[in-house]
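Undergrad:
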Amino acid sequence: MAEFARWAARLPIEKLDCIKRENLIFQSRYGVENVSTPTWVKRDIAMLDAPLATGTRSAAVVAIVGVRLAGDVVEVRFADGQVGRFHVLWLRDACACPRCRHPLTGERTFPIEILRPGLRPSRVEIGPEGEVRVAWPEPAGHESRYDPAGLRARIEPPPAPAPTLWGAELMAAPPVFAYDALMADDGVLARWLIALRDVGFALVQGVPARPGAVARVAGRIGLVRATNFGPVFDVAARPDPNSNAYTALGLPLHNDLTDREPQPGLQFFHCLENTCPGGETTVADGFHCAAQLRARDPAAYALLTRVPVGYRFQDRHHDYRRLRPILVTDRSGALVEVGHNNALRVGFEGPAEDMAACYAALRQFARITEDPANRARFRLSPGELYVIDNRRVLHGRLAFQAARGRRHLQGCYVDRQELLSRIRVLART
Ligand SMILES: [Fe+2]
Ligand SMILES: [Zn+2]
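Our numbering numbers the first residue of the sequence shown as 71 and each following residue consecutively.
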């Protein structure tokens with residue numbers, strides 16, 4: 071699919087620049103962009119940060135042309151006429167000076183009692199670098215400085231990275247990465263990570279078909295998320311399965327571990343052996359499928375975002391339970407998580423009157439995921455590995471004939487935060 075090729079070709083410059091800009095906005099929350107070069111300490115300027123979910127912003131910084139105190143609000147006027155209103159307690163809270171943040175950790179060092187009612191600045195002005203300067207009555211000489219881009223981002227949040235939606239055509243030209251390059255080259259690593267963030271799927275080829283290799287690949291991102299199945303788990307038919315995954319059954323499209331809090335983010339599958347007839351892998355983009363449900367039947371979509379579902383995993387040693395909607399939206403209404411697992415579902419938690427509609431909505435969503443237009447299908451060979459965003463992309467497999475060969479995959483999980491953290495750290499230059 072040419073779209074993916076174009077997308078991949080654009081990656082190194084535009085996407086990483088966006089992340090670098092995101093880092094600038096983000097760094098004040100954690101104080102330092104890089105512990106070894108704490109640039110914020112040199113500048114003492116609170117870059118502030120855009121809301122956590124945001125990704126990019128305009129490179130152009132609109133200059134501040136006026137600043138004034140109006141009661142308990144500082145009004146900041148930008149050159150294009152936009153006015154931002156910032157409460158004095160919020161501004162005091164955001165101070166990034168070395169008195170207020172530890173110079174190495176960047177973490178806040180003053181107590182919340184500092185943010186007292188009636189606190190007012192003794193002076194507000196525009197500084198020589200175009201920043202906002204706010205002086206406080208105590209301690210004497212205490213001054214906070216705020217970056218114009220950071221203030222602007224509070225009134226005009228930068229757009230979040232948009233997911234690239236896909237259907238069955240994904241496999242015509244999927245995001246593919248070579249193991250050797252991925253392990254040795256941070257530029258290739260960055261592209262892989264961005265593919266995982268934006269597409270939620272990537273193939274890696276040329277991985278040594280040896281047990282444990284999957285954890286080394288995952289380790290390029292961050293810590294492996296261990297579960298009751300282990301840090302690394304073997305997917306093969308077993309005589310005493312504690313999950314349908316460990317049988318030769320076909321598995322309908324699902325998200326793993328919907329019973330866990332939080333649900334593991336990235337999921338890795340590494341093929342060591344695959345000689346059994348059958349067992350093809352299936353994947354579907356849960357965001358794309360949910361968008362189709364929303365377009366066809368908005369009420370069904372709304373039910374799946376609103377009515378929680380109980381999920382449960384139990385075996386001899388464990389009993390995990392979690393109540394969550396199948397489709398999770400954020401405060402803006404954007405879909406951020408999909409958690410559909412027919413095997414682990416206990417049931418919807420809602421009034422009896424809603425049940426018929428809930429199950430109809432879920433049947434409809436499941437049918438959309440298994441629609442051949444949405445479901446990508448491929449056969450893994452030894453040395454191939456694929457990664458999905460398990461909180462977005464559903465996976466499954468066709469049944470296989472366990473007696474006529476060997477099918478052995480190894481898997482592991484890495485949390486979404488590890489991915490996003492690694493992307494930000496790689497963008498530091
Ligand atoms: Fe699974
Ligand atoms: Zn301060």
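For each residue, glycine too, the CB sits at the ideal point set by N, CA and C.
Please read all numbers here as calculations on a predicted model, not as lab measurements.
1. With DSSP as the reference, identify every bridge partner of F502, one or two as the case may be.
2. List the endpoints of the continuous alpha helix (DSSP H) containing L342.
3. Let me know the secondary structure DSSP gives E331 once reduced to three states.
4. Does the Cβ of H410 lie closer than 7 Å to at least one heavy atom of ligand 1?
5. Using a 10 Å radius around the Cβ and a threshold of 16 neighbouring Cβ atoms, would you call G125 buried or exposed?
6. CB R492 to CB I291, shorter than 8 Å?
7. In angstroms, rounded to a whole number, what distance separates the CA positions of E183 and D163?
8. Taking the beta carbon of P168 as the centre, do at least 16 other beta carbons fall within 10 Å, making it buried, or is it exposed?
9. Whose C-beta lies closer than 7 Å to the C-beta of R295 among residues of the same chain, with five residues either side of it excluded?
10. Grouping DSSP H, G and I as helix and E and B as strand, with all else coil, what is D424?
11. Would you call the region 222 to 235 and the region 182 to 200 in contact, with 3 or more CB pairs under 8 Å?
12. Buried or exposed: where does R261 fall if 16 or more other Cβ atoms within 10 Å of its Cβ makes it buried?
13. Since R474 and C341 should fall inside the 8 Å C-beta cutoff, what is the C-beta to C-beta distance between them, to a whole number of angstroms?
14. If you run the structure through DSSP and keep just helix, strand and coil, what is Q384?
15. By the DSSP assignment, the beta strand (DSSP E) with G356 in it spans what residues?
16. Ordered along the chain, which non-local residues of its own chain (more than five positions away) have a Cβ less than 7 Å from that of A283?
17. Grouping DSSP H, G and I as helix and E and B as strand, with all else coil, what is I291?
18. Hey, would you say the C-beta of S192 is under 7 Å away from at least one heavy atom of ligand 2?
19. Is H478 near ligand 4 - that is, is its Cβ less than 7 Å away from at least one heavy atom of it?
20. If you draw a straight line from the alpha carbon of V398 to that of T375, how long is it in whole angstroms?
21. Between D367, E419, L464 and V379, which has its C-alpha nearest E440's C-alpha?
22. Cβ of A315 within 7 Å of any heavy atom in ligand 1?
23. Does the distance between the C-beta of H324 and the nearest non-hydrogen atom of ligand 1 fall short of 7 Å?
24. So, for L323: in the same chain, excluding its five sequence neighbours on each side, which residues have a beta-carbon less than 8 Å away from its beta-carbon?
25. Could you check the C-alpha separation between V144 and V202 for me, to the nearest Å?
26. Cβ-heavy atom distance between L321 and ligand 1 below 7 Å?
27. Sorry if obvious, but does the Cβ on R215 come closer than 7 Å to a heavy atom of ligand 2?
28. Among residues of its own chain, excluding the 5 on either side of G420, which ones have a beta-carbon nearer than 8 Å to its beta-carbon?
29. Flag H388 as yes when its Cβ comes closer than 7 Å to any non-hydrogen atom of ligand 1, and as no otherwise.
30. Compute the beta-carbon to beta-carbon distance between P231 and V269, rounded to the nearest angstrom, for a pair I have assumed lies under 8 Å.
31. Does DSSP classify G257 as helix, strand or coil?
32. Going straight from the alpha carbon of F470 to that of D304, what length do you get?
33. By DSSP, does L450 sit in helix, in strand, or in coil?
34. Buried or exposed: where does E488 fall if 16 or more other Cβ atoms within 10 Å of its Cβ makes it buried?
35. Which residues bound the alpha helix (DSSP H) around S491?
36. Mapping the DSSP letters down to three states, classify F180 as helix, strand or coil.
TA: According to the structure data:
1. A question about residue 502 goes unanswered here, because the residues of the chain that appear run from 71 up to 499.
2. Here residue 342 refers to the residue found at position 272 when the sequence shown is read from its first residue. Careful: L342 lies outside any alpha helix (DSSP H), inside the beta strand (DSSP E) at L336 to N344.
3. By one-based count along the sequence shown, residue 331 stands at place 261. Three-state result, E331: coil.
4. The sequence position of residue 410 within the sequence shown is 340, counting from 1. Because no heavy atom of ligand 1 lies under 7 Å away, the Cβ of H410 does not count as near it: no.
5. On the sequence shown, residue 125 is found 55 positions in, with the first residue counted as 1. Because G125 sits at a pLDDT of 35, beneath the cut-off of 50, its placement in the model cannot be relied upon, and the point is left open.
6. Counted from its first residue, the sequence shown places residue 492 at position 422. Counted from its first residue, the sequence shown places residue 291 at position 221. Yes; because the gap between Cβ atoms is below 8 Å, this pair is in contact.
7. Sequence index remark: in the sequence shown, residue 183 carries index 113 (1-based). Sequence index remark: in the sequence shown, residue 163 carries index 93 (1-based). If I take the Cα positions, the gap works out to 11 Å.
8. On the sequence shown, position 98 is the one that residue 168 refers to. Exposed.
9. Position 225 of the sequence shown holds residue 295. Cβ neighbours of R295 beyond the five flanking positions: P334, Y483, V484 and D485.
10. In the sequence shown, residue 424 corresponds to position 354, counting from 1. Three-state DSSP puts D424 in a helix.
11. no
12. Translated into positions along the sequence shown, residue 261 becomes position 191. Buried, because 16 or more other Cβ atoms sit within 10 Å of the Cβ of R261.
13. As a position in the sequence shown, residue 474 is number 404, starting the count at 1. As a position in the sequence shown, residue 341 is number 271, starting the count at 1. R474 to C341, Cβ: 17 Å. No contact.
14. As a position in the sequence shown, residue 384 is number 314, starting the count at 1. Here Q384 sits in strand by DSSP.
15. Within the sequence shown, residue 356 is the residue found at index 286, counting from 1. In the DSSP annotation of this structure, G356 is not part of any beta strand (DSSP E); the continuous alpha helix (DSSP H) holding it starts and ends at G356 to R366.
16. One-based indexing of the sequence shown puts residue 283 at position 213. Closer than 7 Å at Cβ, skipping near neighbours: V277 and H340.
17. As a working mapping, residue 291 is identified with position 221 in the sequence shown. Three-state result, I291: coil.
18. Along the sequence shown, one-based indexing puts residue 192 at 122. Checking the Cβ of S192 against ligand 2 gives no.
19. Summarising the ligand content, the structure contains ligand 1 and ligand 2 and does not contain ligand 4.
20. Indexing the sequence shown from 1 puts residue 398 at position 328. Indexing the sequence shown from 1 puts residue 375 at position 305. One C-alpha to the other measures close to 6 Å.
21. Looking up residue 440 in the sequence shown gives position 370. Comparing Cα positions, the closest option is L464.
22. Residue mapping note: residue 315 aligns to position 245 of the sequence shown, counting from 1. Under cutoff, so the answer is yes.
23. As a first step, residue 324 must be located in the sequence shown, where it is residue number 254. Checking the Cβ of H324 against ligand 1 gives yes.
24. As a position in the sequence shown, residue 323 is number 253, starting the count at 1. Correct list, in chain order: T352, V353, A354, H410, A436, T439, E440, R445, L464, H465 and G466.
25. Taking the sequence shown and counting its residues from 1, one reaches residue 144 at position 74. Taking the sequence shown and counting its residues from 1, one reaches residue 202 at position 132. C-alpha separation (whole angstroms): 10 Å.
26. As a first step, residue 321 is located in the sequence shown; it is residue number 251 there, counting from the start. Yes, ligand 1 has a heavy atom inside 7 Å of this Cβ.
27. In the sequence shown, the residue the question calls residue 215 occupies position 145. No, since every heavy atom of ligand 2 falls outside the 7 Å radius drawn around the Cβ of R215.
28. Working through the sequence shown from its first residue, we reach residue 420 at position 350. Closer than 8 Å at the Cβ level, and outside the excluded window around G420, lie V377, P378 and C428.
29. Working through the sequence shown from its first residue, we reach residue 388 at position 318. Checking the Cβ of H388 against ligand 1 gives no.
30. As a position in the sequence shown, residue 231 is number 161, starting the count at 1. As a position in the sequence shown, residue 269 is number 199, starting the count at 1. Their Cβ separation, rounded to whole angstroms, is 11 Å, which puts P231 and V269 out of contact at 8 Å.
31. Here residue 257 corresponds to residue number 187 of the sequence shown, with the count starting at 1. Helix, per DSSP.
32. The residue labelled residue 470 in the question sits at position 400 within the sequence shown. The residue labelled residue 304 in the question sits at position 234 within the sequence shown. If you take the alpha carbons of F470 and D304, they lie about 16 Å apart.
33. For the purposes of this step, residue 450 is taken as residue 380 along the sequence shown, with counting starting at 1. Of the three classes helix, strand and coil, the one that applies to L450 here is coil, per DSSP.
34. Locating residue 488 in the sequence shown gives position 418, counting from the first residue. Answer is buried; the Cβ neighbour count reaches 16.
35. Taking the sequence shown and counting its residues from 1, one reaches residue 491 at position 421. Unbroken alpha helix (DSSP H) run through S491: R486 to L496.
36. Translated into the one-based positions of the sequence shown, residue 180 becomes position 110. F180: coil per DSSP, three-state reduction.
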